[in-house]
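Adding 879 to a residue's 1-based position in the sequence shown gives its number in this note's numbering.
We put the CB at the ideal spot given by N, CA and C, even for glycine.
Some notes on the structure that comes next.
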Amino acid sequence: MSVFNSATLYPRFLLTGLSGLESRYSLISIPIFLIYATSISGNITILFIIRTEPSLHQPMYYFLSMLALTDLGLSTTTLPTMFSVFWFHAREISFNACLVQMYFIHVFSIIESAVLLAMAFDSIREPLCYVAILTNGVIIGIGLAVAGRALALVFPASFLLKRLQYHPINILSYPFCLHQDLIKTTVSSRRVSSIYGLMVVICSMGLDSVLLLLSYILILGTVLSIASKTERMKALNTCISHICAVFTFYTPMIGLSMIHRYGQNASPIVHVLMANVYLLVPPLMNPIVYSVKTKQIRDRILRKFKQQKV
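Quick look at the structure:
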């Protein structure tokens, strides 16, 4: 069996943390652990509050639950390899395990983009119609459609990567597996995989971002048409949490994409930091933002803490 055939069947991948800072991994792992602990506990708290408070069983909070579940999935998908690199200096990962991690990272990212789009259709325009249209059945259907789109879009990308040839040992740029990083390690033609990867981005996050922009243009027009300044500010305040979540998700993603395409001369540490920000910051910030800026969530959390103290 030739070297390349063996590499195609049994390639090995080496994850990369922060090159040159290996001696400080024990210190670097502390903030990483705190980020994961805060992200997981925060999103579980959001889910618990919404589950146990009947007054929060409304479309807006159902979508917030979907966002929290997605963030939990994203955190738990990246956590094993992050800790294996920074805690145990264990860099090696099998090809199949890498494909599985890559698959779920991109699936959860696409789901989060779609959930943010669904949350943009808020109750500002016509609250009564909003509640009447978004019944429990419709919300379940939206959730299944969002998950189904992500699962269907990413699966062919994994299949295409499986058909490519690799070196026996391949060094990745990050402490986790991403599609654009795996493509760079191939020794065979990557044209089809690259084109398909671009089409997935355009059909998912690209389309979602355009629709998000259009929805906020419509919302802004509705808010500006409100005569009362007090009501106008109240309406805008309801959008702040969602706007923060959108910027927290899309800004690191755009930054990582720009560095990947145009920052070849940038330090490898910059690439790793941007990738970590892209995958760690949204699950960390979303529960914090919604807990602070959403009065109903904040009041329920404070009430639970007071009950525990009593």
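Check: Local conformation of E901 per DSSP, three classes; Outcome: helix
Check: Neighbourhood of E932 by C-beta distance below 7 Å, restricted to the same chain and skipping five residues each side; Outcome: R1179
Check: Contact set for P1054: own chain, Cβ-Cβ below 6 Å, skip 5 residues either direction; Outcome: L894, G896, T960, M961, V964
Check: Inter-residue CB distance, F892 and I1018 (contact presumed, cutoff 8 Å); Outcome: With 8 Å as the limit, F892 and I1018 do not qualify as a contact, their Cβ atoms being about 39 Å apart.
Check: Rounded Cβ spacing between I929 and S918 (contact assumed at less than 8 Å); Outcome: Not confirmed; about 17 Å, so no contact.
Check: Collapsed DSSP secondary structure at M946 in the structure displayed; Outcome: Note that residue 946 corresponds to Leu in the displayed sequence, not to Met. In this structure, L946 counts as helix in the three-state DSSP scheme.
Check: Cβ-Cβ distance between L1181 and Y1157 below 8 Å; Outcome: no
Check: Cβ contact (3+ pairs, closer than 8 Å) linking the region 1044-1064 and the region 1116-1132; Outcome: no
Check: Residues that DSSP places opposite R891 in a beta bridge; Outcome: S973, I1048
Check: Nearest residue (CA-CA) to L1032, options K1063, A993, L1051, D1060; Outcome: A993
Check: Residues that DSSP places opposite T1065 in a beta bridge; Outcome: Y1045
Check: Cβ shell of I984 (< 8 Å), same chain only, five flanking positions each side left out; Outcome: L953, T956, T957, F1055, C1056, L1057, L1158
Check: Sequence-distant residues of the same chain with beta carbon closer than 6 Å to K1172, five excluded per side; Outcome: I1119, S1120
Check: Nearest residue (CA-CA) to C977, options L1030, A1029, L1040; Outcome: L1040
Check: Cβ neighbour criterion (16 or more within 10 Å) applied to H1150; Outcome: buried
Check: Per-residue DSSP class, three states only, for Q937; Outcome: coil
Check: Alpha helix (DSSP H) segment containing A1154, residue limits; Outcome: 1147-1172
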